[in-house]
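Please read the structure below before turning to the comments.
In the working numbering, the protein residues as written are 59 to 481.
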(Lines of atoms letter the chains of each structure in order from A and count residues from 1; the text may use other names and numbers.)
(Lines give C-alpha, C1' and ligand atoms only; values in the text may rest on other atoms or scores of the structure.)
Protein backbone atom coordinates (compact mmCIF):
# COMPACT_ATOMS: atom_id res chain seq x y z
CA UNK A 1 0.00 0.00 0.00
CA UNK A 2 1.19 3.48 -0.75
CA UNK A 3 0.43 5.91 1.99
CA UNK A 4 1.98 8.85 0.12
CA UNK A 5 -0.06 8.55 -3.09
CA UNK A 6 -1.70 11.95 -2.61
CA UNK A 7 1.47 14.00 -2.02
CA UNK A 8 3.23 12.28 -4.91
CA UNK A 9 0.35 13.01 -7.20
CA UNK A 10 0.31 16.71 -6.21
CA UNK A 11 4.04 16.99 -6.90
CA UNK A 12 3.51 15.32 -10.26
CA UNK A 13 0.82 17.82 -11.27
CA UNK A 14 3.06 20.72 -10.23
CA UNK A 15 5.94 19.35 -12.31
CA UNK A 16 3.77 18.94 -15.41
CA UNK A 17 2.44 22.50 -15.03
CA UNK A 18 5.93 23.91 -14.73
CA UNK A 19 7.08 22.06 -17.86
CA UNK A 20 4.07 23.30 -19.78
CA UNK A 21 4.81 26.93 -18.82
CA UNK A 22 8.46 26.53 -19.82
CA UNK A 23 7.61 24.98 -23.21
CA UNK A 24 5.19 27.81 -24.02
CA UNK A 25 7.65 30.52 -23.07
CA UNK A 26 5.68 31.21 -19.91
CA UNK A 27 2.83 32.67 -21.94
CA UNK A 28 -0.31 33.19 -19.97
CA UNK A 29 -3.82 33.36 -21.37
CA UNK A 30 -6.44 35.27 -19.49
CA UNK A 31 -9.53 33.19 -18.88
CA UNK A 32 -12.88 34.85 -19.64
CA UNK A 33 -14.32 36.62 -16.63
CA UNK A 34 -17.58 34.76 -17.05
CA UNK A 35 -15.83 31.34 -16.87
CA UNK A 36 -13.96 32.34 -13.73
CA UNK A 37 -17.16 33.12 -11.98
CA UNK A 38 -18.67 29.70 -12.75
CA UNK A 39 -18.80 27.33 -9.80
CA UNK A 40 -16.87 24.07 -10.18
CA UNK A 41 -19.02 20.92 -10.45
CA UNK A 42 -19.20 18.64 -7.38
CA UNK A 43 -16.26 16.29 -7.01
CA UNK A 44 -17.24 12.65 -7.49
CA UNK A 45 -15.73 10.27 -4.94
CA UNK A 46 -16.75 7.15 -2.98
CA UNK A 47 -18.35 7.87 0.39
CA UNK A 48 -19.20 5.32 3.10
CA UNK A 49 -21.45 5.65 6.13
CA UNK A 50 -19.53 4.47 9.17
CA UNK A 51 -20.68 1.43 11.09
CA UNK A 52 -18.98 -1.05 13.35
CA UNK A 53 -17.86 -4.25 11.65
CA UNK A 54 -15.60 -7.28 11.96
CA UNK A 55 -12.35 -6.76 10.06
CA UNK A 56 -10.07 -9.71 9.12
CA UNK A 57 -6.42 -9.27 10.03
CA UNK A 58 -3.46 -10.09 7.83
CA UNK A 59 -0.71 -10.68 10.38
CA UNK A 60 2.22 -13.06 10.52
CA UNK A 61 4.40 -14.19 13.39
CA UNK A 62 8.07 -15.29 13.41
CA UNK A 63 8.74 -18.86 14.40
CA UNK A 64 11.23 -21.71 14.17
CA UNK A 65 10.32 -24.92 12.39
CA UNK A 66 10.69 -28.10 14.40
CA UNK A 67 9.94 -31.76 13.97
CA UNK A 68 7.68 -32.94 16.75
CA UNK A 69 8.72 -36.59 16.34
CA UNK A 70 12.50 -36.17 16.07
CA UNK A 71 14.33 -39.07 17.75
CA UNK A 72 17.96 -39.55 18.75
CA UNK A 73 19.00 -43.22 18.53
CA UNK A 74 21.06 -44.53 21.45
CA UNK A 75 22.60 -47.92 22.08
CA UNK A 76 20.85 -49.93 24.80
CA UNK A 77 23.46 -52.73 25.06
CA UNK A 78 27.24 -52.96 25.21
CA UNK A 79 29.27 -54.41 22.37
CA UNK A 80 31.10 -53.79 19.12
CA UNK A 81 29.21 -52.07 16.32
CA UNK A 82 29.30 -54.71 13.60
CA UNK A 83 27.11 -53.26 10.80
CA UNK A 84 25.39 -50.10 9.62
CA UNK A 85 22.42 -50.68 7.33
CA UNK A 86 21.74 -47.16 5.97
CA UNK A 87 23.32 -44.22 4.20
CA UNK A 88 23.32 -40.78 5.88
CA UNK A 89 20.50 -38.61 4.60
CA UNK A 90 18.40 -41.60 3.64
CA UNK A 91 14.65 -41.71 4.28
CA UNK A 92 13.95 -44.64 6.57
CA UNK A 93 10.67 -46.23 7.55
CA UNK A 94 9.57 -47.20 11.03
CA UNK A 95 10.92 -50.67 11.84
CA UNK A 96 13.86 -50.57 9.38
CA UNK A 97 17.05 -52.14 10.75
CA UNK A 98 19.80 -49.52 11.16
CA UNK A 99 22.64 -51.00 13.28
CA UNK A 100 23.83 -54.40 14.45
CA UNK A 101 25.66 -54.59 17.81
CA UNK A 102 27.37 -57.98 18.41
CA UNK A 103 24.18 -60.11 18.37
CA UNK A 104 26.05 -63.45 18.77
CA UNK A 105 27.04 -62.53 22.32
CA UNK A 106 23.43 -61.91 23.29
CA UNK A 107 22.17 -64.97 21.42
CA UNK A 108 24.52 -67.09 23.53
CA UNK A 109 23.11 -65.49 26.67
CA UNK A 110 19.57 -66.34 25.49
CA UNK A 111 20.58 -69.96 24.94
CA UNK A 112 22.02 -70.13 28.45
CA UNK A 113 18.86 -68.64 29.99
CA UNK A 114 16.72 -71.14 28.08
CA UNK A 115 18.79 -73.99 29.54
CA UNK A 116 18.43 -72.52 33.05
CA UNK A 117 14.68 -72.39 32.56
CA UNK A 118 14.53 -76.03 31.48
CA UNK A 119 16.54 -77.05 34.57
CA UNK A 120 14.26 -75.05 36.85
CA UNK A 121 11.18 -76.62 35.31
CA UNK A 122 12.63 -80.12 35.82
CA UNK A 123 13.29 -79.37 39.50
CA UNK A 124 9.75 -78.04 39.84
CA UNK A 125 8.32 -81.24 38.34
CA UNK A 126 10.31 -83.40 40.83
CA UNK A 127 9.25 -81.18 43.76
CA UNK A 128 5.59 -81.43 42.72
CA UNK A 129 5.79 -85.26 42.60
CA UNK A 130 7.49 -85.35 46.02
CA UNK A 131 4.82 -83.13 47.51
CA UNK A 132 2.03 -85.35 46.13
CA UNK A 133 3.73 -88.52 47.44
CA UNK A 134 4.27 -87.05 50.90
CA UNK A 135 0.64 -86.00 50.99
CA UNK A 136 -0.43 -89.66 50.45
CA UNK A 137 2.06 -90.94 52.99
CA UNK A 138 0.82 -88.39 55.52
CA UNK A 139 -2.71 -89.68 55.15
CA UNK A 140 -1.35 -93.20 55.97
CA UNK A 141 0.65 -91.86 58.94
CA UNK A 142 3.85 -93.07 57.20
CA UNK A 143 5.60 -89.65 57.38
CA UNK A 144 5.50 -86.85 59.86
CA UNK A 145 3.74 -83.54 59.31
CA UNK A 146 7.11 -81.81 59.30
CA UNK A 147 8.34 -83.90 56.37
CA UNK A 148 5.18 -83.06 54.43
CA UNK A 149 5.62 -79.32 55.10
CA UNK A 150 9.22 -79.54 53.91
CA UNK A 151 8.08 -81.11 50.63
CA UNK A 152 5.58 -78.29 50.10
CA UNK A 153 8.31 -75.69 50.77
CA UNK A 154 10.63 -77.38 48.25
CA UNK A 155 7.80 -77.20 45.67
CA UNK A 156 7.33 -73.46 46.23
CA UNK A 157 11.09 -72.86 45.95
CA UNK A 158 11.11 -74.74 42.65
CA UNK A 159 8.20 -72.60 41.38
CA UNK A 160 10.11 -69.44 42.29
CA UNK A 161 13.19 -70.75 40.49
CA UNK A 162 11.10 -71.26 37.33
CA UNK A 163 9.73 -67.70 37.54
CA UNK A 164 13.24 -66.35 38.04
CA UNK A 165 14.55 -68.31 35.05
CA UNK A 166 11.66 -67.04 32.88
CA UNK A 167 12.44 -63.44 33.85
CA UNK A 168 16.12 -63.93 33.05
CA UNK A 169 15.20 -65.37 29.64
CA UNK A 170 12.92 -62.41 28.93
CA UNK A 171 15.72 -59.99 29.80
CA UNK A 172 18.15 -61.87 27.60
CA UNK A 173 15.70 -61.76 24.68
CA UNK A 174 15.30 -58.00 25.18
CA UNK A 175 19.06 -57.50 25.03
CA UNK A 176 19.18 -59.66 21.91
CA UNK A 177 16.51 -57.45 20.36
CA UNK A 178 18.42 -54.32 21.34
CA UNK A 179 21.45 -55.65 19.49
CA UNK A 180 19.48 -54.87 16.32
CA UNK A 181 18.80 -51.12 16.37
CA UNK A 182 15.65 -50.31 14.37
CA UNK A 183 13.98 -47.03 13.40
CA UNK A 184 11.31 -46.05 15.94
CA UNK A 185 9.84 -43.45 13.52
CA UNK A 186 9.86 -42.71 9.79
CA UNK A 187 11.96 -39.82 8.58
CA UNK A 188 15.36 -38.69 7.33
CA UNK A 189 18.33 -40.11 9.20
CA UNK A 190 21.40 -37.97 9.78
CA UNK A 191 25.11 -38.75 9.99
CA UNK A 192 26.20 -41.73 12.05
CA UNK A 193 27.93 -40.65 15.26
CA UNK A 194 29.84 -43.94 15.64
CA UNK A 195 31.80 -45.83 13.00
CA UNK A 196 31.53 -49.56 12.42
CA UNK A 197 34.01 -51.49 14.58
CA UNK A 198 33.87 -49.17 17.58
CA UNK A 199 32.81 -50.35 21.02
CA UNK A 200 29.54 -48.82 22.14
CA UNK A 201 27.98 -48.84 25.58
CA UNK A 202 24.46 -48.37 26.77
CA UNK A 203 23.53 -44.71 26.19
CA UNK A 204 25.94 -44.06 23.30
CA UNK A 205 24.28 -41.76 20.73
CA UNK A 206 24.24 -43.32 17.27
CA UNK A 207 22.24 -41.05 14.91
CA UNK A 208 19.18 -38.80 14.71
CA UNK A 209 15.99 -39.44 12.73
CA UNK A 210 13.97 -36.36 11.76
CA UNK A 211 10.41 -36.84 10.49
CA UNK A 212 9.72 -34.25 7.77
CA UNK A 213 5.99 -34.70 7.41
CA UNK A 214 4.24 -33.19 9.25
CA UNK A 215 6.22 -30.32 10.75
CA UNK A 216 5.35 -28.19 13.76
CA UNK A 217 5.91 -24.52 14.46
CA UNK A 218 5.63 -22.90 17.87
CA UNK A 219 5.16 -19.16 18.03
CA UNK A 220 4.07 -16.38 20.36
CA UNK A 221 0.77 -14.58 19.82
CA UNK A 222 0.34 -11.06 21.21
CA UNK A 223 -2.22 -11.29 23.98
CA UNK A 224 -4.81 -9.24 22.08
CA UNK A 225 -4.58 -11.54 19.05
CA UNK A 226 -4.86 -14.55 21.37
CA UNK A 227 -7.95 -13.09 23.07
CA UNK A 228 -9.62 -12.40 19.71
CA UNK A 229 -8.77 -15.93 18.58
CA UNK A 230 -10.28 -17.37 21.75
CA UNK A 231 -13.38 -15.31 21.05
CA UNK A 232 -13.69 -17.07 17.70
CA UNK A 233 -13.21 -20.45 19.35
CA UNK A 234 -15.90 -19.63 21.90
CA UNK A 235 -18.36 -19.24 19.01
CA UNK A 236 -18.15 -22.97 18.36
CA UNK A 237 -15.03 -23.33 16.21
CA UNK A 238 -12.48 -25.99 17.12
CA UNK A 239 -8.75 -25.25 17.24
CA UNK A 240 -8.18 -27.43 14.17
CA UNK A 241 -10.72 -25.29 12.25
CA UNK A 242 -8.36 -22.29 12.40
CA UNK A 243 -6.28 -22.47 9.23
CA UNK A 244 -2.67 -21.31 9.04
CA UNK A 245 -0.14 -20.65 6.30
CA UNK A 246 3.63 -20.86 6.50
CA UNK A 247 6.15 -18.93 4.43
CA UNK A 248 9.94 -18.76 4.58
CA UNK A 249 11.42 -15.24 4.24
CA UNK A 250 13.92 -15.09 1.40
CA UNK A 251 12.92 -18.54 0.09
CA UNK A 252 9.22 -18.63 -0.64
CA UNK A 253 8.52 -16.93 -3.94
CA UNK A 254 4.74 -17.06 -4.02
CA UNK A 255 1.61 -18.75 -2.81
CA UNK A 256 2.63 -22.03 -4.46
CA UNK A 257 5.62 -22.30 -2.11
CA UNK A 258 3.54 -21.76 1.02
CA UNK A 259 2.49 -24.65 3.23
CA UNK A 260 -1.03 -24.89 4.56
CA UNK A 261 -1.82 -26.28 7.98
CA UNK A 262 -3.97 -25.73 11.03
CA UNK A 263 -3.67 -24.45 14.56
CA UNK A 264 -3.46 -27.32 17.05
CA UNK A 265 -2.69 -25.55 20.31
CA UNK A 266 -3.48 -22.20 21.92
CA UNK A 267 -2.07 -21.54 25.37
CA UNK A 268 -4.19 -20.73 28.40
CA UNK A 269 -1.89 -18.23 30.11
CA UNK A 270 -0.11 -15.00 29.24
CA UNK A 271 3.66 -14.83 29.67
CA UNK A 272 4.19 -12.00 32.13
CA UNK A 273 7.59 -11.16 30.63
CA UNK A 274 6.53 -10.84 26.98
CA UNK A 275 2.72 -10.38 27.21
CA UNK A 276 2.30 -13.17 24.67
CA UNK A 277 0.49 -16.50 24.53
CA UNK A 278 2.10 -19.73 23.32
CA UNK A 279 0.59 -21.31 20.22
CA UNK A 280 1.56 -24.05 17.77
CA UNK A 281 0.46 -25.13 14.31
CA UNK A 282 1.04 -28.25 12.24
CA UNK A 283 1.82 -28.25 8.51
CA UNK A 284 1.84 -31.07 5.98
CA UNK A 285 5.22 -31.27 4.22
CA UNK A 286 4.97 -34.27 1.86
CA UNK A 287 7.68 -33.08 -0.54
CA UNK A 288 10.11 -32.00 2.20
CA UNK A 289 9.84 -28.42 0.90
CA UNK A 290 11.08 -27.03 4.21
CA UNK A 291 13.32 -28.46 6.90
CA UNK A 292 13.32 -28.23 10.70
CA UNK A 293 15.45 -25.44 12.09
CA UNK A 294 14.45 -22.89 9.44
CA UNK A 295 13.10 -19.51 10.50
CA UNK A 296 9.62 -18.98 9.10
CA UNK A 297 6.58 -16.75 9.41
CA UNK A 298 3.17 -18.12 10.31
CA UNK A 299 -0.03 -16.39 9.25
CA UNK A 300 -3.31 -17.25 10.95
CA UNK A 301 -6.33 -17.11 8.64
CA UNK A 302 -9.65 -16.00 9.99
CA UNK A 303 -8.17 -13.82 12.74
CA UNK A 304 -10.40 -10.75 13.15
CA UNK A 305 -10.92 -7.57 15.07
CA UNK A 306 -14.51 -7.52 16.23
CA UNK A 307 -16.90 -4.55 16.34
CA UNK A 308 -14.42 -1.90 15.16
CA UNK A 309 -14.50 1.23 13.00
CA UNK A 310 -12.37 1.10 9.86
CA UNK A 311 -11.79 2.97 6.60
CA UNK A 312 -9.70 2.08 3.53
CA UNK A 313 -6.11 3.02 4.26
CA UNK A 314 -6.00 5.38 1.27
CA UNK A 315 -8.69 7.59 2.87
CA UNK A 316 -6.34 8.68 5.67
CA UNK A 317 -4.24 11.81 5.11
CA UNK A 318 -1.90 13.82 7.31
CA UNK A 319 -3.20 17.18 8.58
CA UNK A 320 -1.87 19.87 10.85
CA UNK A 321 -3.40 18.15 13.89
CA UNK A 322 -2.30 14.67 12.87
CA UNK A 323 -4.01 11.88 10.91
CA UNK A 324 -7.32 12.91 9.41
CA UNK A 325 -10.11 11.93 7.02
CA UNK A 326 -12.63 13.98 5.10
CA UNK A 327 -16.26 13.72 6.22
CA UNK A 328 -19.38 15.20 4.63
CA UNK A 329 -21.74 17.57 6.37
CA UNK A 330 -25.45 17.93 5.65
CA UNK A 331 -24.71 20.10 2.60
CA UNK A 332 -22.37 17.49 1.07
CA UNK A 333 -19.34 19.66 1.74
CA UNK A 334 -16.04 18.13 2.79
CA UNK A 335 -14.53 18.96 6.14
CA UNK A 336 -11.48 17.66 7.95
CA UNK A 337 -11.85 15.27 10.87
CA UNK A 338 -8.84 14.42 13.04
CA UNK A 339 -8.71 10.76 14.06
CA UNK A 340 -6.67 8.38 16.22
CA UNK A 341 -5.28 5.40 14.33
CA UNK A 342 -5.30 1.77 15.34
CA UNK A 343 -3.86 -1.24 13.53
CA UNK A 344 -3.57 -1.70 9.79
CA UNK A 345 -5.52 -4.77 8.63
CA UNK A 346 -4.58 -5.36 5.00
CA UNK A 347 -6.14 -2.48 2.99
CA UNK A 348 -8.10 -1.31 6.05
CA UNK A 349 -7.06 1.23 8.66
CA UNK A 350 -8.68 0.69 12.04
CA UNK A 351 -9.86 3.86 13.79
CA UNK A 352 -9.67 4.14 17.57
CA UNK A 353 -11.19 7.61 18.02
CA UNK A 354 -12.61 10.44 15.96
CA UNK A 355 -15.45 8.74 14.07
CA UNK A 356 -18.92 7.65 15.14
CA UNK A 357 -21.44 5.32 13.50
CA UNK A 358 -23.42 7.28 10.91
CA UNK A 359 -20.56 9.62 9.92
CA UNK A 360 -20.16 9.91 6.15
CA UNK A 361 -16.48 9.50 5.29
CA UNK A 362 -14.78 9.96 1.94
CA UNK A 363 -13.19 6.56 1.40
CA UNK A 364 -12.08 7.10 -2.21
CA UNK A 365 -8.91 8.82 -3.33
CA UNK A 366 -8.81 12.18 -1.45
CA UNK A 367 -6.32 13.75 -3.88
CA UNK A 368 -7.48 17.25 -4.85
CA UNK A 369 -10.14 17.47 -2.14
CA UNK A 370 -10.09 20.65 -0.06
CA UNK A 371 -12.18 21.62 2.99
CA UNK A 372 -15.46 23.20 1.90
CA UNK A 373 -15.45 21.49 -1.51
CA UNK A 374 -18.85 20.20 -2.64
CA UNK A 375 -18.84 16.42 -3.03
CA UNK A 376 -20.99 14.23 -5.24
CA UNK A 377 -21.03 11.08 -3.05
CA UNK A 378 -20.67 7.81 -4.92
CA UNK A 379 -21.65 4.45 -3.39
CA UNK A 380 -18.85 2.46 -1.79
CA UNK A 381 -18.72 -1.24 -2.70
CA UNK A 382 -17.14 -2.19 0.62
CA UNK A 383 -13.99 -3.51 -1.07
CA UNK A 384 -11.10 -1.45 0.31
CA UNK A 385 -8.54 -3.29 -1.78
CA UNK A 386 -10.38 -2.35 -4.97
CA UNK A 387 -10.30 1.34 -4.01
CA UNK A 388 -6.55 1.20 -3.41
CA UNK A 389 -5.93 -0.59 -6.71
CA UNK A 390 -7.94 2.02 -8.61
CA UNK A 391 -5.91 4.82 -7.00
CA UNK A 392 -2.65 3.10 -7.88
CA UNK A 393 -3.79 2.59 -11.49
CA UNK A 394 -4.69 6.28 -11.76
CA UNK A 395 -1.31 7.23 -10.33
CA UNK A 396 0.49 4.99 -12.83
CA UNK A 397 -1.50 6.51 -15.68
CA UNK A 398 -0.71 10.05 -14.53
CA UNK A 399 2.98 9.18 -14.26
CA UNK A 400 2.91 7.86 -17.81
CA UNK A 401 1.15 10.97 -19.10
CA UNK A 402 3.64 13.19 -17.25
CA UNK A 403 6.55 11.31 -18.79
CA UNK A 404 5.06 11.76 -22.26
CA UNK A 405 4.58 15.50 -21.69
CA UNK A 406 8.17 15.81 -20.45
CA UNK A 407 9.41 14.09 -23.58
CA UNK A 408 7.26 16.35 -25.78
CA UNK A 409 8.45 19.48 -23.97
CA UNK A 410 12.09 18.40 -24.31
CA UNK A 411 11.60 17.75 -28.03
CA UNK A 412 10.03 21.20 -28.57
CA UNK A 413 12.96 22.92 -26.87
CA UNK A 414 15.65 21.29 -29.11
CA UNK A 415 16.71 22.73 -32.52
CA UNK A 416 15.39 20.97 -35.57
CA UNK A 417 17.64 18.60 -37.47
CA UNK A 418 20.17 20.58 -39.61
CA UNK A 419 19.76 23.84 -37.74
CA UNK A 420 22.62 23.15 -35.38
CA UNK A 421 25.01 22.75 -38.29
CA UNK A 422 23.81 25.97 -39.92
CA UNK A 423 24.48 27.91 -36.78
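In this text, a Cβ means the ideal position worked out from N, Cα and C, and glycines have one as well. On a predicted model such as this, the values are computed, not experimentally measured, just so you know.
Cut-off 6 Å between Cβ atoms - residues of its own chain near residue i, not counting five sequence neighbours on either side
| i | result |
| --- | --- |
| residue 178 | 219, 220, 223 |
| residue 399 | 381 |
| residue 261 | 132 |
| residue 99 | none |
| residue 185 | 212, 213, 216 |
| residue 365 | 110 |
| residue 114 | 362 |
Burial state of residue i (16 or more Cβ within 10 Å)
| i | result |
| --- | --- |
| residue 275 | buried |
| residue 180 | exposed |
| residue 371 | buried |
| residue 245 | buried |
| residue 283 | buried |
| residue 254 | exposed |
| residue 410 | exposed |
| residue 176 | exposed |
CA-to-CA distance, residue j to residue i, given in whole angstroms
| i | j | result |
| --- | --- | --- |
| residue 104 | residue 434 | 9 Å |
| residue 182 | residue 162 | 30 Å |
| residue 189 | residue 160 | 45 Å |
| residue 369 | residue 336 | 31 Å |
| residue 358 | residue 404 | 13 Å |
| residue 428 | residue 385 | 11 Å |
| residue 470 | residue 373 | 39 Å |
| residue 462 | residue 417 | 41 Å |
| residue 165 | residue 231 | 8 Å |
| residue 464 | residue 423 | 25 Å |
| residue 362 | residue 440 | 17 Å |
| residue 174 | residue 135 | 22 Å |
| residue 333 | residue 247 | 38 Å |
| residue 467 | residue 401 | 45 Å |
| residue 158 | residue 259 | 13 Å |
| residue 318 | residue 354 | 13 Å |
| residue 108 | residue 415 | 5 Å |
| residue 327 | residue 442 | 35 Å |
| residue 155 | residue 291 | 45 Å |
Close-in-space but distant-in-sequence residues of the same chain around residue i (CB under 7 Å, 5 per side omitted)
| i | result |
| --- | --- |
| residue 356 | 118, 119, 121, 275, 277, 302, 304, 339 |
| residue 250 | 142, 146, 264, 265 |
| residue 205 | 192 |
| residue 209 | 188, 189, 192 |
| residue 286 | 361, 362, 363, 364 |
Own chain residues within Cβ distance below 8 Å of residue i, not counting five before or after
| i | result |
| --- | --- |
| residue 350 | 123, 124, 125, 128, 268, 270, 273 |
| residue 153 | 240, 241 |
| residue 396 | 377, 379, 380, 381, 382, 412 |
| residue 288 | 324 |
| residue 256 | 138, 139 |
| residue 430 | 391, 392, 393 |
Any non-hydrogen atom of the ligand ATP closer than 6 Å to residue i Cβ
| i | result |
| --- | --- |
| residue 356 | Ligands in the displayed structure: none, and consequently the ligand ATP is not present. |
Using 8 Å as the threshold, is the stretch 131-140 in touch with the stretch 197-214, meaning 3 or more CB pairs across them?
Touching, no.
Runs of 4 residues minimum, wholly inside the stretch 272-351: which ones carry the alpha helix (DSSP H) assignment?
Those alpha helix (DSSP H) runs which fall completely within the stretch 272-351 and span 4+ residues are 281-292.
Cβ pair count under 8 Å reaching 3, the stretch 112-132 against the stretch 225-237:
Short answer: they don't touch.
Taking 8 Å as the threshold, find out whether the stretch 367-385 comes into contact with the stretch 298-306 through three or more Cβ pairs.
With a cut-off of 8 Å, the stretch 298-306 and the stretch 367-385 do not count as touching, because too few Cβ pairs lie within range.
Do the stretch 335-354 and the stretch 390-408 make contact, defined as three or more Cβ pairs closer than 8 Å?
They do not touch, by the three-pair rule.
When the Cβ atoms of the stretch 188-197 are set against those of the stretch 157-175, are three or more pairs found closer than 8 Å?
Contact between the stretch 188-197 and the stretch 157-175 is not established, with fewer than three Cβ pairs separated by less than 8 Å.
Which parts of the stretch 355-435 are runs of the beta strand (DSSP E), unbroken and 3 residues or longer, counting only runs that do not cross its ends?
Within the stretch 355-435, the complete beta strand (DSSP E) runs of at least 3 residues fall at 362-370, 375-377, 380-386, 392-396, 398-403, 406-411, 418-420.
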